[in-house]
Amino acid sequence: MLLSKMAAEGGGKEMNEIKTQFTTREGLYKLLSHSEYSRPNRVPFNSQGSNPVRVSFVNVNDQSGNGDRLCFNVGRELYFYIYKGVRKAADLSKPIDKRIYKGTQPTCHDFNHLTATAESVSLLVGFSAGQVQLIDPIKKETSKLFNEETSAK
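full-length UniProt numbering numbers the first residue of the sequence shown as 1 and each following residue consecutively.
Below you can see the structure in the form of structure tokens.
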């Protein structure tokens, strides 16, 4: 009823327009994409400015045709997923690997594209306190932690 009333008030021109958001006395209603709606551990919008999000991609050339892998961080959490392209949303409730860091947060990361395979990828992660960690999110293991002494200062 509300949408038909809005279209009637706007005249014939707006009748064909598809609304992606509208405001009522209860609040703002907004159409969200699947990836935005199912985002893990939603962070309130006003606090996102202090938590930069970084994204890294790698192709592992596996036999299934889904060789692209995606890594991103949100605050103190680091996620690793199979990336199926922009037309198919990843199931964000089922990451290949998820890590939560207590004392520091990831600020940057990148894959070693030269050594990446379907069974193993090397991901280098930099942290806010100066540490650098080498991990393999497919094997779910941590290889090395560099600059560990900087976190004690």
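All residues carry an ideal CB built from backbone N, CA and C; glycine is no exception. Note that the structure is a prediction, hence the values are computed from the model and not measured.
*Report yes if the C-beta distance between Ile100 and Arg76 is below 8 Å; otherwise report no.*
Mapped onto the sequence shown, residue 100 falls at position 100. Mapped onto the sequence shown, residue 76 falls at position 76. Yes. Within cutoff.
_Assuming contact is defined by CB atoms lying nearer than 8 Å, are Asp62 and Ala118 in contact in what I supplied?_
As a working note, residue 62 is residue 62 in the sequence shown. As a working note, residue 118 is residue 118 in the sequence shown. Yes, the pair counts as a contact, with Cβ atoms nearer than the cut-off.
*Closest by CA to Phe111, which one among Ile135, Phe146, Lys98?*
Walking along the sequence shown from the start, residue 111 turns up at place 111. Per the Cα distances, Ile135.
_Selection from Ser93, Pro52, Leu28, Leu124 that minimises the alpha carbon distance to Thr142_ = Taking the sequence shown and counting its residues from 1, one reaches residue 142 at position 142. Among Ser93, Pro52, Leu28, Leu124, the Cα nearest to that of Thr142 belongs to Leu124.
*asked:* Does Asn16 come out as helix, strand or coil in the three-state DSSP assignment?
replied: Position 16 of the sequence shown, counted from the start, is the residue given in the question as residue 16. Helix.
*Starting from Gln63 and walking both ways along the beta strand (DSSP E), at which residues does that stretch end?*
On the sequence shown, residue 63 is found 63 positions in, with the first residue counted as 1. Where Gln63 is concerned, there is no enclosing beta strand (DSSP E), because DSSP gives it neither an H nor an E.
*Just grab the DSSP bridge partners of Arg99 for me.*
Residue 99 sits at position 99 when you count from the first residue of the sequence shown. In the DSSP output, where bridge partners are listed per residue, Arg99 has Leu78.
*If you drop the 5 nearest sequence neighbours on each side, which residues of the same chain put their C-beta closer than 8 Å to that of Lys102?*
Locating residue 102 in the sequence shown gives position 102, counting from the first residue. Once the five neighbours on either side are set aside, the close Cβ partners of Lys102 are Arg76.
_Just verifying my parser: in three-state terms, what is the DSSP assignment at Glu26?_
Working through the sequence shown from its first residue, we reach residue 26 at position 26. In this structure, Glu26 counts as coil in the three-state DSSP scheme.
_Just list the residues that DSSP pairs Ser56 with in beta bridges._
Sequence index remark: in the sequence shown, residue 56 carries index 56 (1-based). DSSP, once it has assigned bridges, lists Cys71 as partnering Ser56.
_What ranges does the alpha helix (DSSP H) occupy inside the stretch 100-146, keeping only unbroken runs of at least 4 residues that lie completely in it?_
none
*Where Phe45 and Ala89 are concerned, what is the direct C-alpha to C-alpha distance, given to the nearest angstrom?*
One-based indexing of the sequence shown puts residue 45 at position 45. One-based indexing of the sequence shown puts residue 89 at position 89. Because the pLDDT at Phe45 is just 49, under 50, the model does not fix this residue reliably, and the value given afterwards should be weighed accordingly. Rounded to the nearest whole angstrom, the C-alpha separation of Phe45 and Ala89 is 22 Å.
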